[in-house]
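Numbering (UniProt numbering), first residue to last: 1 to 262.
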C-alpha cells in the first residue's frame, strides 16, 4: 500500500502540518477533516485514492501539529489556500467532511479555477442546530476536575459506540488539546453562511453520508442549493465514514471524477 508521509509547510501562523500520499504528477486532491479530528482521519482513505490522485490532508491551524488557531471558516480556508497552493498549485478535487465541508466549499470559491467538490456530511444547519452545535461543548468541560474528562470521553464514545476504540481515543485527545478552541470551531461552523456558499459554487459536486451520520438528511436540500450535485448514501456509516467505509468512499470519488472529466 502507498505510504502516507508527513511534512511541514510555512503558513501565516507558523507551520502547517500535512499528510501526503501518491505521485505529485497526478491530479491533486485536498482532504479537509472534521472537528475535533485532524488530517490523520484520512490515513485509511488516502492510499485508496493514490492511484488516481496526489493526496494532501492538512491539520487545520491549531489542530494536530499545526500552529495557530481557527477563528472563522473563511479565515481558515484562506490560510490553508495560501500555504497549500504555494507548495502544490491549485487542486483538482477538494474533499471536506462535516466541518471540513464548510472549509472545502469556501476554499473552492477562493480558487480561481473551481475544483471538483466532494462533501461528506454537508453542514446545512437550521437556526436551532446552529445554536445547539457550540452549546454541545460545555464551557467548563476542560476544568481540572476529573468528571469533565469523563464527560468528554462519554461524548466521543457516544458518537459511534461500535467504532474502533483507538479512533475514540484519538478524538478525545485531540479535543483535549483544542480545549476551548473546540467550542470555537463549532461556533465558526454555525456562523458560516453555508447555504449562500452552495448557491455561489458553480462546479460539479458529489455529496455523501452514511445513514447513521447526523448530517445524512441534509444532502437533498444541499443538492438543491448547489444545482449540479450527485447524492450517495454510504451504507450505515456514521461520522467516521472516512475510516469505516473508506473503500466505498474511494470508489464513489473515483467514479464521479471519471464521469465528469472534460
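We put the beta carbon where it would ideally sit given N, CA and C, even for glycine. For clarity, every value in this text was computed on a predicted model and none was experimentally measured.
Counting along the chain, residue 230 sits inside the beta strand (DSSP E) bounded by residues 229 to 233. The Cβ neighbour count for residue 17, taken over all protein chains shown within 10 Å, is at least 16; the residue is labelled buried. Considering only 12, 107, 47, the residue with the shortest C-alpha distance to residue 116 is 107.
Shown here, residue 125 sits in coil according to DSSP, grouped into three states, outside any helix or strand. Within the segment 160 to 234, the complete alpha helix (DSSP H) segments at least 4 residues long are 165 to 178, 180 to 191, 194 to 200, 219 to 226, listed from N- to C-terminus. Bounds of the alpha helix (DSSP H) holding residue 83 are 73 to 88.
Counting only residues of its own chain and dropping the five nearest sequence neighbours on each side, residue 256 has a CB closer than 7 Å to the CB of 206, 230. Buried is the label assigned to residue 103, since at least 16 other Cβ atoms lie within 10 Å of its Cβ. Looking at the DSSP output, residue 18 bridges to 7, 58.
Straight-line measurement puts the Cα of residue 109 at about 9 Å from the Cα of residue 202. Under DSSP, residue 244 forms no beta bridge with any residue.
For residue 93, there is no enclosing alpha helix (DSSP H); the enclosing beta strand (DSSP E) covers residues 93 to 97.
Note: residue 118 is bridge-paired with 95, 206 in the DSSP secondary-structure output. Residue 210 sits close to residue 238, with the two beta carbons spaced by under 8 Å.
Residue pairing from DSSP places residue 28 in a beta bridge opposite 54. For residue 113, same chain residues with a beta-carbon under 8 Å away, outside a window of 5 residues either side, are 90 in chain order. Under a 10 Å Cβ-count criterion, residue 124 is classified as buried, with 16 or more other Cβ atoms of the shown protein chains found around its own Cβ.
By the neighbour-count criterion, in which a residue is buried when 16 or more other Cβ atoms sit within 10 angstroms of its Cβ, residue 165 is exposed. Distance from the CA of residue 62 to the CA of residue 180, rounded to the nearest whole angstrom, comes to 11 Å. In the displayed model, residue 154 falls within a helix according to three-state DSSP. The beta carbon of residue 171 is closer than 7 Å to those of 36, 37, 156 in its chain, skipping five residues each way along the sequence. Annotation: the continuous alpha helix (DSSP H) that includes residue 48 extends over 45 to 49. If the five residues before and after residue 10 are omitted, its C-beta is found closer than 7 Å to the C-beta atoms of 83, all from its own chain and listed in chain order. Contact check for residue 67 and residue 13: beta-carbon distance about 4 Å, within the 8 Å limit, so the pair qualifies.
Taking 8 Å as the upper bound for CB-CB distance, residue 250 and residue 49 are in contact here, some 5 Å apart. For residue 110, the secondary structure class from DSSP, reduced to helix, strand or coil, is helix.
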